[in-house]
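To start, the structure under review is shown below, and the notes come after it.
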């Protein structure tokens, strides 16, 4: 029976084999793979070995399990390279991690000790100290100590200062300077050790170019005689010898290390150049590590902030109880990122009526999400005192325009519903709503004005209609109609109308599920390019 590996992005790999023949996936405790995915059912699906290979089985999940874009109705066989989608979680089927060249393990076995005359044994501390091995041993000890500094030190500035001090103590030069490249290409002094000086540190431009641009490690035995790298500053400073080497790792050059000496110190040797160059390479690796670590910490902090913003936004989403007696309501909301630019809601209105709304902010990410939360706060504050959707849209547009940039706007669909079925609405630059009458006729509710906050000085219109028993209203964002597979056509309004026609009489939760399935099938379960939000209202 052949085994496979199930890979979940950001999670461990799960091996299906004789020892572990089943993997269960869901939100509930007790699953092999328990995920916090709102689109997953508590017991969503399982992958298992049976017969000659692996299979996947849907366990009656609400939103379905998809294998390579096709819904799993019962169970289907798996093969290497397959893609599974459960809720918003993608799983990949990989071959077992078998490497025939890798040893199967490690054993410590009994053997005969080697003859003492063939064995040299020294304490590690002795080998890592200068001892009596001359210049080579001193250099080895220096590199060892400097490497430990690099491993321990997390602060780049402190690390460079210690490195400059160590180089000065070992080479006994006049000056050691470490310079880092700024974003504009110029050099800044990052660390210095040696002869005190109050004036700015100067370095030959031709020498800096050789090091930074041509990635050369340079040893000047007599700067006054080197015509190619001659520098008046070196001659005036009575420098008799100098080393300059790049802080380089792969293709990146972070800066350079510069060391110089004056008579009576003897000129530097090529071994000194090798030593400084080796240390510069280690320092460049450390600088890159510190920068990458800083980026990881920043990214983690941003992810934590986005996760918090997402949790706050989820709490803003209504639980969708019945809006009014005689009506039922259901919603689909799938953010493409942690913080959604789509939002929907309902609030009590005047005279026993109710407000419903769906909105979509231009752009994606935290900024649009915060603007949407601001809009929701204003709606919550104004809903009970607002009689008509047109004036409410005008007020929202003017207020939001004061709190956002000119290129940020919100398309919105605002509805006020009365118990007798009378609906007043304003479509502010949003997708047309679909009103499907009980007899099958569909009316499109077009826009009556510009998006909110785009042209706040312009007023919005409004319109009205009456919902009778069996009538159904769908309001949605463009993430629904523009959903598409890679290099394929959009779902379009026609796709949504088709699902509404086929399942108009289904309970609203089932209708939402059918729409989600149609979207998944149409897009081949491709990752979301935009937030998807859909609100469906039916009069009983």
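Numbering (this note's numbering), first residue to last: 2 to 541. No residue lacks a Cβ here, since even glycine has one placed at the ideal position from N, Cα and C.
So the candidates are the options; which of them puts its Cα closest to the Cα of residue i?
i, options, result
"residue 331", "30, 475, 21", "475"
"residue 425", "466, 453, 457", "466"
"residue 34", "304, 9, 58, 50", "9"
"residue 190", "292, 178, 406, 295", "178"
"residue 146", "280, 446, 368", "280"
"residue 516", "506, 496, 526", "496"
"residue 171", "149, 160, 140", "140"
"residue 274", "174, 303, 325", "174"
"residue 214", "454, 152, 182, 198", "182"
"residue 244", "254, 220, 470", "220"
Return the first residue and the last residue of the alpha helix (DSSP H) that residue i is part of.
i, result
"residue 212", "206-213"
"residue 530", "First-last for residue 530: undefined, no H or E at that position."
"residue 520", "509-524"
"residue 264", "Unbroken run through residue 264: none, as it is neither H nor E."
"residue 377", "367-383"
"residue 164", "157-172"
Less than 8 angstroms between the CB atoms is what I'm expecting for residue i and residue j, so what's the real figure, rounded?
i, j, result
"residue 335", "residue 533", "4 angstroms"
"residue 432", "residue 514", "The Cβ separation is near 21 angstroms, so there is no contact."
"residue 284", "residue 151", "7 angstroms"
Which residues mark the beginning and the end of the beta strand (DSSP E) in which residue i is found?
i, result
"residue 388", "Per DSSP, residue 388 belongs to no beta strand (DSSP E) and is neither H nor E."
"residue 500", "Residue 500 -> not in any beta strand (DSSP E); alpha helix (DSSP H) instead, spanning 493-503."
"residue 51", "46-51"
"residue 66", "66-68"
"residue 1", "Lying outside 2 to 541, the shown extent of the chain, residue 1 is not represented and no answer is given."
"residue 348", "343-349"
"residue 462", "Looking at the DSSP string, residue 462 is not in any beta strand (DSSP E), and its letter there is neither H nor E."
Output yes if chain C places a C-beta closer than 8 angstroms to the C-beta of residue i; else output no.
i, result
"residue 506", "Among the chains of the structure shown, chain C does not appear; only one protein chain is present."
Whole angstroms is fine: what's the gap from residue i's alpha carbon to residue j's?
i, j, result
"residue 541", "residue 308", "38 angstroms"
"residue 157", "residue 264", "33 angstroms"
"residue 473", "residue 409", "32 angstroms"
"residue 142", "residue 86", "56 angstroms"
"residue 528", "residue 337", "8 angstroms"
"residue 75", "residue 462", "50 angstroms"
"residue 94", "residue 49", "12 angstroms"
"residue 105", "residue 56", "Summary for residue 105: the model assigns pLDDT 40, below 50, so the residue's position carries little reliability, and this model does not support an answer."
"residue 333", "residue 348", "18 angstroms"
"residue 252", "residue 167", "27 angstroms"
"residue 88", "residue 522", "13 angstroms"
"residue 84", "residue 378", "41 angstroms"
"residue 459", "residue 451", "8 angstroms"
"residue 81", "residue 42", "25 angstroms"
"residue 27", "residue 62", "9 angstroms"
"residue 304", "residue 206", "43 angstroms"
"residue 504", "residue 14", "39 angstroms"
"residue 457", "residue 405", "12 angstroms"
Can you name the residues that DSSP bridges to residue i?
i, result
"residue 428", "414"
"residue 8", "14, 93"
"residue 27", "35"
"residue 141", "Answer is none; residue 141 lacks a bridge partner."
"residue 329", "539"
"residue 249", "254"
"residue 176", "195, 261"
"residue 476", "536"
"residue 244", "220, 260"
"residue 71", "68"
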